[in-house]
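Engineer:
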Amino acid sequence: MKKEIPLLITFIAGMVMILQFFIPHRPFSDLQQLFNTWFLIITVFAMILGLGNLFKVHTKRLQRRPKGWWYSIVLLAGFAIMFTVGMVWGPARGTPFDYLFWNVHIPMSSMMFALLAFFVASASYRAFRARTPEATLLLVSAILVMIGRVPLGNYIWDKLPLIGDWIMSYPNMAGQRAIMIGIALGIVSTSLRIILGIERTYLSGK
Amino acid sequence: MNIVERLEKLDRRIIFLLTLLAVVIPLLLPIGFKIKVSEPVKLFYDAVEALPPGSMVLVSSEYSPSTMPEVYPMNQALARHCFKKDIKIVGMGLWPEGIPLNQASMEQAAEEYGKEYGVDYVNLGYKAGGIIVISAAAENIPNTFPLDYAGRPIEEFEIMEGIRNFDNIDLIISLSAGDPGVRHWVMIAQGRYGKKVAGGVTAVSAPAFYPYLNAGQLQGLIGGMKGAAEYETLLETSGTATRGMDAQSIAHGLIIFLILFANFFYLLGKRRKK
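Note that the protein sequences, when read in sequence, are chains R and F. Here the first sequence stands for residues 2 to 207, where the numbers follow this note's numbering. Here the second sequence stands for residues 22 to 295, where the numbers follow this note's numbering.
(1) List, in chain order, every chain F residue whose beta-carbon is nearer than 7 Å to that of Thr44 of chain R.
(2) Can you tell me the Cα-Cα spacing of Asn242 of chain R and Thr254 of chain F, whole angstroms?
(3) If you reduce the DSSP assignment to three classes, tell me which class Leu186 of chain R lands in.
(4) Strictly under 8 Å for the Cβ-Cβ distance: is Gly91 of chain R near chain F by that measure?
(5) What does the alpha-carbon distance come out to for the pair Lys109 of chain F and Phe187 of chain F?
(6) Just to confirm the assignment, what range does the beta strand (DSSP E) spanning Ser110 of chain R have?
(7) Tell me, which residues are paired with Pro174 of chain F by DSSP?
(8) Report yes if the C-beta distance between Phe178 of chain F and Gly212 of chain F is below 8 Å; otherwise report no.
(9) Return no unless some Cβ of chain R is closer than 8 Å to the Cβ of Asn189 of chain F.
(10) Determine which residues of the stretch 156 to 175 of chain R have a Cβ less than 8 Å from any Cβ of chain F, and write them out in chain order.
(11) Quick one: residues in its chain with C-beta nearer than 8 Å to the C-beta of Leu145 of chain R, no 5 flanking neighbours on either side, listed in chain order?
(12) Who pairs with Val218 of chain F in a beta bridge, going by DSSP?
(13) Looking at C-beta atoms only, is the number of pairs between the stretch 114 to 125 of chain F and the stretch 260 to 279 of chain F that lie closer than 8 Å three or more?
(14) At which residue ranges does the stretch 3 to 80 of chain R contain complete alpha helix (DSSP H) runs of 4 or more residues, listed in the order of the chain?
(15) For Ser82 of chain F, report the span of its beta strand (DSSP E) as first-last.
(16) Going by beta carbon distance, what residues of the same chain come within less than 7 Å of Ile52 of chain F, once the five residues before and after it are set aside?
(17) Would you list the one or two residues that DSSP bridges to Met1 of chain R?
(18) Beta strand (DSSP E) containing Tyr147 of chain F: first to last residue?
(19) Looking at the unbroken beta strand (DSSP E) that takes in Val207 of chain F, where does it start and where does it end?
(20) Would you call the stretch 58 to 76 of chain F and the stretch 273 to 281 of chain F touching, i.e. three or more CB-CB distances under 8 Å?
(21) By the DSSP assignment, the beta strand (DSSP E) with Met266 of chain F in it spans what residues?
(22) What do you reckon, are the CB atoms on Ser81 of chain F and Ser195 of chain F nearer than 8 Å?
(23) Take the Cβ of Trp39 of chain R as the centre, count every other Cβ of all protein chains shown within 10 Å, and call the residue buried at 16 or more, exposed below.
(24) What residues in the stretch 19 to 36 of chain R have a beta carbon less than 9 Å from any beta carbon of chain F?
(25) Please determine, among F:Glu128, F:Glu137, F:Ile120, the residue with the shortest C-alpha to C-alpha distance to Tyr147 of chain F.
(26) Do Lys216 of chain F and Ile193 of chain F count as a contact pair if the criterion is CB distance below 8 Å?
(27) Which residues, taken in chain order from the stretch 85 to 117 of chain F, show a beta carbon closer than 8 Å to some beta carbon of chain R?
(28) Cα separation between Met48 of chain R and Gly69 of chain R?
(29) Would you list the one or two residues that DSSP bridges to Tyr138 of chain F?
(30) Tell me the DSSP secondary structure of Val111 of chain F in three-state form.
(31) Using CA coordinates, which residue listed in F:Leu41, F:Glu70, F:Phe230, F:Tyr134 is at the minimum distance from Asp200 of chain F?
(32) Using 10 angstroms around the beta-carbon of Ile209 of chain F, count the other beta-carbons present and answer buried if the total reaches 16, otherwise exposed.
(33) Report the rounded CA-to-CA distance for Gly91 of chain R versus Leu122 of chain F, giving the unit in angstroms.
(34) Is Pro97 of chain R near Val105 of chain R, with beta carbons less than 8 Å apart?
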């Protein structure tokens, strides 16, 4: 029964969601709304579970003190401060939470992403080599798109943006479509395997 | 180690310094490159422009501070565009960090055009659940978002009178930096409910949305800071994206130069070894 009940729930939920897509009328439309509400409630509990797990992992790190354990203090302090100010004053504009978001979180988060520019420049110098004909094709396409997508390209040669757009609109789109169709077919087959109980790894992790 | 090998293994700190200069100098001394508007951005602009005054646009913010330089200027320009045309905005988001950014964009534009919160715009806030939130809101917005982003009941706001579901929304715009984002809005709001959807995404994810644009599932697409600068150009305003284009142009030029430079010495070294 430990496995049968979850399998039955999965089957019913999966079938209802498929049926409501093709038959958007009662009772399936009502069931869809009901399942949507349940899903939203479960998601919130999953978030609470995630937060609890984060707290547990970093509290354990503080007890064991492995290398870099002090980062856990920063994380827990940040978590406690944001959680407290958010709960006490709310997230509205002008509150301490809003102040911390704009003056601490945004600069730190932007800084982390800005570092990418340096690593991309360094990595492209080191790794982007015309080793094979395929790599050369990729390299030439990347250069044309990169230069064609910025105003500088237009100054160098006014046809460069058109070439960049052509690469994006034709070869890129054809490739993207193939990837999307492949992913969609994979999702459909995996979903059917889960709904029909063939794929059961999500139940026990084995 | 000969000169070819030495140049091939150039100290990365030199590259870091060159990158820093390529970004900082154009920001301090703007060049003012002319920005050419691309077709996907023109389509996005036209989709908003085609709406009559009093229309309702749903702007969903699915981005965070890390992608702010690319997506935030779109958010700001879009809010200006809507208020300039007397279009009302219902804001929401599938990423929690996007909510204050969307709110700030709308507030800034509202101040410029004399618009009022609750009357001309509202922010429904964040709801966890991704694609299911879209599906739930499509059927019933007040049930999915009973409170605004600050915890006030949405029935208090004049703008929410008569808004029941997606039937009362004229255009949906998702500004996203990943999943959940534009893809999910297309899947549910466009695919299932036939709503008009447009998107603003980061430059790195823009190529993945061209099939949706080509198929007419997206009304328009703004890609990255360049797209945001194009949108600002169409609106005849100069925002952070336009100012950032000089730096991005020079940085792209530097990276291309570095790639060509490294490949030149790589091929030279390969020939010598033969």
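For every residue, glycine included, the Cβ atom is placed at its ideal position computed from N, Cα and C.
Structural biologist: Concretely, from the data shown:
(1) Ala149, Gly150
(2) Since the first and last residues shown for chain R are 2 and 207, residue 242 of chain R lies out of range.
(3) helix
(4) yes
(5) 14 Å
(6) That residue, Ser110 of chain R, is in no beta strand (DSSP E); its alpha helix (DSSP H) goes 107 to 128.
(7) F:Leu168
(8) no
(9) no
(10) Tyr156, Pro162, Asp166, Met169, Ser170, Asn173, Met174
(11) Leu161, Ile164, Gly165, Ile168
(12) F:Ile193
(13) no
(14) 5 to 23, 29 to 65
(15) 77 to 83
(16) Asp267
(17) It is not possible to answer for residue 1 of chain R, since the shown part of chain R is limited to 2 through 207.
(18) 142 to 147
(19) Careful: Val207 of chain F lies outside any beta strand (DSSP E) and carries neither H nor E.
(20) no
(21) Per DSSP, Met266 of chain F belongs to no beta strand (DSSP E); it is in the alpha helix (DSSP H), 261 to 294.
(22) yes
(23) exposed
(24) Phe22, Pro25, Ser30, Gln33, Gln34, Phe36
(25) F:Ile120
(26) yes
(27) Ser85, Pro86, Ser87, Thr88, Met89, Pro90
(28) 26 Å
(29) F:Tyr142
(30) strand
(31) F:Phe230
(32) buried
(33) 16 Å
(34) no
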